[in-house]
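Each residue of the sequence shown is one higher than the one before, counting from 981 in the working numbering.
A short worksheet on the structure shown next.
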Amino acid sequence: MNLSFRSKLLGLVATAGFALAALVLASAIIARRVEGHLDDIRKHYLPKVGLRPQLQGQFERIQRGFQDAVAASDTEKLGGIVELKKEFLQQLAASSDAVEPGLAASLERAIEDFHAQALVVSKQLIAGETGETVVAKMSEMQARQTRVAELLDKATVFDKTDLTKAFSATAEAQRFGTQLRLALGIASLVLVFLLSLWISRDMLRGMASLTAGFSRFGKGDFRGAIPVVSRDELGDLARQANQMAQSLQRLESERSRIDWLKTAQSALSEQLRGELAPRQVAERAVSMLCRYLECPVGALYSLDADGALGLLGKYALSPDDGVQSFRLGEGLVGQAALQTEIMVVDAPEGQLRVTSALAAGSPRSIALVPLLRIGKVTGVLELASLQPWNAAATELLASVRETLAIALEGARSRAELRALLAKTQRQAEELTRAGAYKSQFLANMSHELRTPLNAILGFTQLLHEGEVGPLTDQQRDFLGNVLTSSRHLLRLINDVLDLAKVESGKLDFRPESIDLAQVTGEVGAILRTTASEKQVRVEMAIDPAIGRVVLDPARLKQVLYNYLSNALKFTPAGSVVTVRAVPEGADFFRIEVHDTGDGIQPEELPRLFVEFQQLDAGAAKKHAGTGLGLALTKRIVEAQGGTVGVRSTPGAGSVFHAVLPRRMNSEPLPAMPGPIVTLNVGAPTILVVEDNASDQASIVGALTRAGYSVQTAATGAQALARLRESDFDAITLDLLLPDMSGVDLLDQVRTESRNADVPVIVLTVVAEKGAVAGFRVSDVLAKPLDAHALLNALRRAGVSPQRHGAVLVVDDDEGCLKLMEATLARSGYETICRQDGEAALQAAAESSLIAVVLDLIMPRLDGFEFLERFRMTEAGRSTPVIVWTVKDLTKHDQARLRQTAQAVVMKGNNGAAALLRELDAFLPRRQVSE
């Protein structure tokens, strides 16, 4: 039968279901028959089995009740017998199914008669009556008792034979049911087994055929189809599997073809990888394709700018066989270059011989492949084959010819680029040398111009201040003019050199956290004299919302100085110049300088920030200047990520502005290494209690440079441990510690510590003495740390290093040397002066030094080399070094100095005063006042 697999399974399930239904039905019928037999036994026999002893027992209790009442002579007990009689009658009524109605009625009357007669007799006996009457009644009572017993036996007796027959009928019905179920079950199993065997035979035969077929398909063998042995689902599956195998065979063929192409393309790409010359590209490509396509001979011709196809690469081609070049249209190669399609021709007899040591032969076909790049032919690839040419080889060549053309073009471009780069490199080297010459020239100019000018400024200032001797008013006036002119000349030199550094990208910035109001105030103080001379009032309006900013303070002062000096220059007497600073968004702020001068015409505004241009340039100009200030300002502001601008109203004045970031986004300078805590023999020891690593490093650095011994603690617990172990001369205390408050620590120091009486200097964010009210503290200083304030606080507390010795001044310029000697002597310092590094090292070895003032630019041994050698000596390890120079420091220079010097001061307008301030910070001058 041509049944489907589903129909067969459904038939099997239906057969099993039918058999199960027959079993269930037979079981139900048999169970019903057995239940009928059992119900008959339950209704007719079982009640009598239990009824007889129940009624007899109840009747006996009635009899004992009468006997007990008579024996006790208690008539009241006779009333309880009535209840026993009622119970007897109720039990009899409840067993109506087991007792025949007539017998039940007779028994009920008999029990009533007995009860009545027994009640009368019992009362007489209790009353003590005797005689024949009582005896007669007792006899009557006995007769009635016997009658009840007889009726009771008759009513509850049953035939055991009938009960046995009833149980036998029930057992017979049960056996018949078991046999019927067994027969039906066996018949069902046999039928289901036969159906299953029939279905499984067809299924297993089909599955075996499918398994064998899929096994072959899995191994890639699609040659034989799977036999279709049935017309069910397995047969359909076999037919679909055969169709799938045919599709897979086609896909496998296609995949093999694609893999063959991709393998060739990948191999060619691998051969062409790297920086190859055009000839290397051609040789590698021809060699690879000839081997892959089994072509014994090949050549590649490249089209040059003159229209000639020159032989660029070949494979197994003898010198006698290969033609070195073709013109367009000449021969097969030249003809192939005139078209874009691949040409395949039969090889002419005798034109080309392929030879080896063992055999020789002629190719049967030749393929000519034009190499295309953006639709243009750039060369021709020629391959010869000993076999007829096939379509797969043509497809491969079509897929790689553009790749080969691109590789050749890239190789030619690289060759041209290498030549161009070589030329450019030569030019760059020349420019680098020229730039180095320019940088060296600028450095020399910086040194040669600033050094003598610094001496002029220094000596003139000493003379002007009367340090050398008394001056007449005219002499003082003349010296003042010399000072003013020298400072103007120094600013001009600085502007020119700064502009050159900006243009070369060598202008460095040193951003730090600064107070904008303080910086603007310092610039205003510098120009206060100029403003007074011109009778111009300068007003400052700094919005406190700006807060602290992170910028290079020197460059910010330079910008403000240029703007403010220009405003003072062009503002008439009696007017006001306003410096205003306001926030500009969340990340920037704006500084504006308002003047009330003549204003600027709109067409002149674009020239304001251009180098060497002035609005009143010419012989008749009214105001001095070089035209560099605003241009340099623009470059400095833009280098920090800001912008400049101006708005002006002719006749009313101008407003110059600069928008600067609140935090300069620049490459940070190399970080200074962590301070080394040292013990200076004989020096006071300071305990620094500070949990902030940056603040701790700043405090330790300032103290160690000033000559103190230092120990540190980052928590209150560490501080207490140090105070229990050692004696200290002073303590610096941060109020905000991680494990306890500074006030609690201070309380324990004053009450429990062996250092209870040492001076304590509190460092906090806000210098508010109320925070430590009630405690003995020497001073309260605000953060961020001011090293001068800290050292002065220690001196006021009577804690200063006792140091005796000289300041070594090292400078090759004799004028600067004498100037510094006079300046230091004026401040009470003993000096030792040397003009070269070697002599300075010898003096350092022979003398007791408290500090070194060092110029960097010196012959033979420069300042950097001096520092390296000086720091290796015993005296140089702890002696502070102040660098005093005109050299423009690179970031590398600054990093080197951070490791070896304590401060850097630039020679110039106020360089000597700045240097004295640095010395005051590092050298307690107790000996000066003596």
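Every residue, glycine too, gets a C-beta built ideally from N, C-alpha and C.
Please read these numbers as outputs of a predicted model, since none were measured by experiment.
Cutoff 6 angstroms; reference arginine 1897; Cβ partners in own chain excluding five residues on either side: none
Of the listed residues Tyr1272, Val1690, Ala1257, nearest to serine 1246 (C-alpha basis): Tyr1272
Rounded straight-line distance, which links the Cα of leucine 1788 to that of threonine 1912: Shown here, the chain extends from 981 to 1910; a query on residue 1912 therefore has no answer.
Residue(s) in a DSSP beta bridge with lysine 1294: Ala1279
Presumed contact (8 angstroms Cβ cut-off) between serine 1342 and tryptophan 1369, rounded CB distance: Not a contact, Cβ separation roughly 15 angstroms.
Supposed close pair valine 1885, leucine 1895 - CB separation, criterion 8 angstroms: 5 angstroms
Outcome for serine 1365 when other beta-carbon atoms lying within 10 angstroms are tallied against a minimum of 16: Buried, since its Cβ has 16 or more Cβ neighbours within 10 Å.
Where phenylalanine 998 falls, given that 16 or more other Cβ within 10 Å makes a residue buried: exposed
Within 8 angstroms, strictly: CB atoms of valine 1516 and leucine 1540: no
C-alpha distance - phenylalanine 1569 paired with threonine 1576, whole-angstrom precision: 23 angstroms
C-beta atoms of leucine 1087 and leucine 1132 nearer than 8 angstroms: yes
Arginine 1814 burial status per 10 Å Cβ neighbour count (16 or more: buried): Buried, since its Cβ has 16 or more Cβ neighbours within 10 Å.
Alanine 1561 - containing beta strand (DSSP E), residue span: 1556-1564
Alanine 1893, buried or exposed, once every other Cβ within 10 Å from all chains shown has been counted against 16: Counting Cβ neighbours within 10 Å, alanine 1893 comes out exposed, since fewer than 16 surround it.
Residue from Gly1157, Leu1064, Val1172, Met1121 whose Cα sits closest to the Cα of alanine 996: Val1172
Residue(s) in a DSSP beta bridge with histidine 1574: Thr1558, Val1635
Closest by C-alpha distance to asparagine 1474, when choosing among Leu1451, Gln1538, Leu1544: Gln1538
Opening and closing residue of the alpha helix (DSSP H) in which glutamate 1310 lies: No alpha helix (DSSP H) holds glutamate 1310; DSSP gives it neither H nor E.
Of the listed residues Gly1016, Gly1722, Ser1512, Leu1877, nearest to alanine 1151 (C-alpha basis): Gly1016
Best match in Ala1505, Leu1177, Ser1393, Leu1411 for proximity to glycine 991 [C-alpha to C-alpha]: Distance from the Cα of glycine 991 is smallest, within the candidate group Ala1505, Leu1177, Ser1393, Leu1411, for Leu1177.
Contacts around glutamate 1572, its chain only, beta-carbon distance under 6 angstroms, and the 5 residues preceding and following it disregarded: Arg1560, Val1635, His1637
Which of helix, strand or coil DSSP assigns to arginine 1490: DSSP places arginine 1490 outside both helix and strand once states are collapsed to three, so it counts as coil.
The segment 1379-1395 touching the segment 1250-1258, judged by at least three CB pairs closer than 8 angstroms: yes
First through last residue of the alpha helix (DSSP H) which encompasses aspartate 1873: 1871-1880
Of the residues Ala1682, Pro1718, Leu1703, the one placed nearest alanine 1694, counting alpha carbons only: Pro1718
Exposed unless 16 or more other CB atoms sit within 10 angstroms - verdict on threonine 1191: exposed
Alanine 1521, buried or exposed, once every other Cβ within 10 Å from all chains shown has been counted against 16: exposed
Neighbour-count burial assignment, phenylalanine 1902, 16 or more Cβ in a 10 Å radius: Burial is judged here by how many other beta carbons sit within 10 angstroms of a residue's own beta carbon; phenylalanine 1902 has at least 16 and is buried.
Inter-residue Cα distance where the pair is glycine 1293 and leucine 1318: 20 angstroms
Glutamine 1691 - containing beta strand (DSSP E), residue span: 1689-1693
Euclidean distance between Cα positions of leucine 1713 and asparagine 1772: In a straight line, the C-alpha of leucine 1713 is about 16 angstroms away from that of asparagine 1772.
Beta-carbon contacts of alanine 1153 that lie in its chain and below 8 angstroms, excluding the five residues immediately before and after: Ile1010, Arg1013, Val1014, His1017
Exposure label - alanine 1836; buried when at least 16 CB within 10 Å: It should be pointed out that residue 1836 corresponds to leucine in this sequence rather than to alanine. Result: buried.
Local conformation of threonine 1055 per DSSP, three classes: Judged by DSSP in its simplified three-state form, threonine 1055 adopts helix.
Coarse secondary structure for valine 1356, derived from DSSP in three states: Looking at the sequence itself, residue 1356 is lysine, so the reference to valine does not match. In the structure shown, lysine 1356 sits in a strand (DSSP, three-state: E or B).
Sequence-distant residues of the same chain with beta carbon closer than 7 angstroms to arginine 1237, five excluded per side: These residues qualify, in order along the chain: Ala1372.
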